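Residue numbers (our numbering), protein chains in the order written: chain L, 150 to 324; chain D, 150 to 334.
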């Protein structure tokens with residue numbers, strides 16, 4: 150399965166697609182594990198850069214897979230990674246939508262959903278941890294992270310302003 | 150549901166595509182509020198209740214919620230073609246934008262100035278993610294004691310500290326987490 154980069158991209162992201170409870174943000178540690186630690190497609194800082202670029206771009210967060218795919222195998226890589234990450238879950242969504250009314254009140258359905266909540270919270274926390282370790286190499290970067298977290302928790306300011314502040318502080322050469 | 154009045158407006162495939170394309174480029178950091186505004190308030194394709202129900206279904210499924218939502222919504226109004234068109238609208242424009250950014254990054258990512266800016270942006274983006282985690286986790290930890298926080302901590306430990314593959318961690322924890330949720334009330 151690891152012979153061709155496109156095959157690896159398709160395989161990993163298709164599998165990841167089905168285990169990403171909590172959405173793209175919950176899948177970040179697994180993407181990092183595969184792209185940086187296992188396949189050595191990129192280093193820590195490139196991975197963190199791609200997360201930042203995906204966050205600054207409009208659209209669903211899952212778009213980070215297109216950046217990873219492009220880095221690995223150009224246009225075809227971006228297309229394959231995106232298709233693999235969305236394909237299986239979209240098929241599932243299409244099929245489940247037709248029978249949803251039959252089991253939406255079922256006890257097992259509610260139990261599954263309730264059981265997934267703590268897992269997705271743990272996974273998204275893991276994403277924050279993995280990204281912080283990849284990105285915050287200085288005390289100042291760590292301070293920006295902490296300040297943004299506090300600020301975002303207390304206010305409802307558009308995230309783009311926080312990215313702008315972070316970018317300007319980075320440009321100033323402090324980090 | 151059956152006694153509610155029929156949906157007044159039926160979107161065409163073109164309208165579906167355009168609506169989701171617009172949602173995709175309006176939403177920074179989460180497209181859901183924009184989807185709700187477009188579908189419920191502006192176009193009136195769904196009532197708020199139907200929207201919530203459709204979104205609950207999207208959350209039930211693995212994978213990105215908004216992507217699931219576009220498929221479920223599109224298929225409701227246009228079958229397989231509707232699903233494909235809504236998905237294409239949601240992914241098309243961001244994919245084009247991000248591909249341009251990817252080309253620029255591959256060319257200039259090593260330039261010191263850009264690299265410094267991105268370091269700052271990443272530091273802020275991680276902070277935002279931490280705020281999201283706090284918001285999600287607070288109700289779970291503030292409730293009277295139950296098993297949920299334990300599963301969150303185990304998932305975190307397995308993936309972040311032990312570097313175990315996500316499928317193993319998931320398959321190891323999900324059955325117990327679901328079983329305990331089943332017996333909870």
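Glycine is no exception: its CB is placed at the ideal position from the N, C-alpha and C atoms. Given the structure is predicted, the values throughout are model-derived calculations rather than measurements.
Measuring CA to CA, which of L/184, L/207, L/205 is closest to residue 196 of chain L? Residue numbering aside, residue 196 of chain L sits at position 47 when the first chain is read from its first letter. Ranking L/184, L/207, L/205 by Cα distance to residue 196 of chain L puts L/184 first.
Pick from D/329, D/301, D/246, D/323 that is closest to residue 205 of chain L, judged by C-alpha positions: Position 56 of the first chain, counted from the first residue, corresponds to residue 205 of chain L. Nearest C-alpha to residue 205 of chain L: D/246.
Endpoints, the alpha helix (DSSP H) within which residue 240 of chain L is located: Mapped onto the first chain, residue 240 of chain L falls at position 91. From DSSP, the alpha helix (DSSP H) with residue 240 of chain L extends over 213-252.
Which residue's Cα is closest to the Cα of residue 208 of chain L: D/208, D/308, D/183? Here residue 208 of chain L is taken as the residue at index 59 of the first chain, counted from 1. Per the Cα distances, D/183.
Please identify, using Cβ separations under 8 Å, the residues of the stretch 173-187 of chain L that lie next to chain D, in order along the chain. 173, 174, 176, 178, 179, 182, 186
Coil, strand or helix - residue 215 of chain D by DSSP: The count along the second chain starts at 1 and reaches residue 215 of chain D at position 66. Helix at residue 215 of chain D.
Along chain L, in chain order, which residues have C-beta atoms closer than 9 Å to that of residue 331 of chain D? For this step, residue 331 of chain D is matched to residue 182 along the second chain. Near residue 331 of chain D (Cβ distances below 9 Å), the residues of chain L are 256, 257, 259, 260, 261, 263, 264.
Among the residues of its own chain, which have a CB less than 7 Å from the CB of residue 296 of chain D, if the five just before and after it don't count? Mapped onto the second chain, residue 296 of chain D falls at position 147. Correct list, in chain order: 329.
In the stretch 228-295 of chain D, which residue ranges form an unbroken alpha helix (DSSP H) of at least 4 residues, counting only runs that do not cross its ends? 261-291
Closest Cα partner of residue 278 of chain D within the set L/158, L/306, L/301, L/232: Counting from one through the second chain, the residue named residue 278 of chain D turns up at place 129. Residue 278 of chain D has its Cα closest to that of L/301, out of L/158, L/306, L/301, L/232.
Can you grab the Cα-Cα spacing for the pair residue 188 of chain D / residue 320 of chain D, in whole Å? As a first step, residue 188 of chain D must be located in the second chain, where it is residue number 39. As a first step, residue 320 of chain D must be located in the second chain, where it is residue number 171. Rounded to whole angstroms, residue 188 of chain D to residue 320 of chain D spans 36 Å at the Cα level.
Only counting the same chain, and skipping five residues up and downstream in sequence, which positions put a Cβ closer than 7 Å to that of residue 309 of chain D? As a working mapping, residue 309 of chain D is identified with position 160 in the second chain. Once the five neighbours on either side are set aside, residue 309 of chain D has no close Cβ partner at all.
Proximal residues of chain L, C-beta to C-beta of residue 225 of chain D below 9 Å: The count along the second chain starts at 1 and reaches residue 225 of chain D at position 76. Under the 9 Å cutoff, chain L gives 246.
Buried or exposed: where does residue 287 of chain L fall if 16 or more other Cβ atoms within 10 Å of its Cβ makes it buried? Taking the first chain and counting its residues from 1, one reaches residue 287 of chain L at position 138. Under this definition residue 287 of chain L is an exposed residue.
Proximal residues to residue 238 of chain D (C-beta, below 6 Å), its chain only, five neighbours per side dropped: As a position in the second chain, residue 238 of chain D is number 89, starting the count at 1. Same-chain partners within the cutoff: 166, 169, 170.
What number of angstroms, rounded off, separates the C-alpha of residue 316 of chain L from the C-alpha of residue 303 of chain L? On the first chain, position 167 is the one that residue 316 of chain L refers to. On the first chain, position 154 is the one that residue 303 of chain L refers to. About 21 Å.
Taking only beta carbons into account, state which residues of the stretch 293-309 of chain D come closer than 9 Å to chain L, listed in chain order. 296, 297, 298, 299, 300, 301, 302, 303, 304, 305, 306, 307, 308, 309
Proximity to residue 297 of chain L [Cα-Cα], best of D/304, D/318, D/271: Along the first chain, one-based indexing puts residue 297 of chain L at 148. Of the candidates D/304, D/318, D/271, the one whose C-alpha sits nearest the C-alpha of residue 297 of chain L is D/271.
Taking CB distances under 7 Å as the criterion, tell me whether residue 249 of chain L reaches chain D. What you label residue 249 of chain L is simply residue 100 of the first chain in a count that begins at 1. Cβ-Cβ to chain D under 7 Å: yes for residue 249 of chain L.
Using a Cβ distance threshold of 8 Å, determine whether the stretch 242-256 of chain D contacts the stretch 222-229 of chain L, with at least three qualifying pairs required. yes
Near-chain L residues of the stretch 266-281 of chain D - C-beta to any C-beta below 9 Å: 266, 267, 268, 269, 270, 271, 272, 273, 274, 275, 276, 277, 278, 279, 280, 281
Here's the rule I'm using: 16 or more other beta-carbon atoms within 10 Å means buried, otherwise exposed. How should residue 172 of chain L be labelled? Locating residue 172 of chain L in the first chain gives position 23, counting from the first residue. Residue 172 of chain L should be labelled buried.
Is there contact between the stretch 266-282 of chain L and the stretch 164-182 of chain L, where contact requires at least three CB pairs shorter than 8 Å? yes
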